[in-house]
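Residues 1015 to 1078 (our numbering) are what the sequence shown spells out, left to right.
Here a beta-carbon is modelled for each residue, glycine too, at the ideal position from N, C-alpha and C.
It should be emphasised that the depicted structure is a prediction, and the values quoted were computed from it without experimental measurement.
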Amino acid sequence: MTSSLDTLPKIGAPATRALHDAGYTALRQLAGVPRADLAKLHGMGPKALVTLQAALEEHGLGLG
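In structure tokens, the structure reads:
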């Protein structure tokens, strides 16, 4: 499954809401963001973080 840098990958609704509430609407915006910062968002769980990291890695990027 190839992800687009213009959208967020399919993660749970609480995690998606947490990202939107924090101003993140595209995968490219998450490149370099510290994993610990995202983990602090209400609704963001370990599974969502793994999914986001994997999606970024498809484009040669990653979380900070």
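Item, Value
"Range of the contiguous alpha helix (DSSP H) that encloses Val1064", "Pro1060 to Glu1071"
"Burial state of Ala1053, where buried means 16 or more other Cβ atoms lie within 10 Å", "exposed"
"Burial state of Ala1027 (16 or more Cβ within 10 Å)", "exposed"
"Contacting residues, own chain, Cβ-Cβ under 7 Å from Leu1019 (five flanking each side not counted)", "Ala1040, Leu1041, Arg1042 and His1073"
"Simplified DSSP state of Ala1050, which is helix, strand or coil", "helix"
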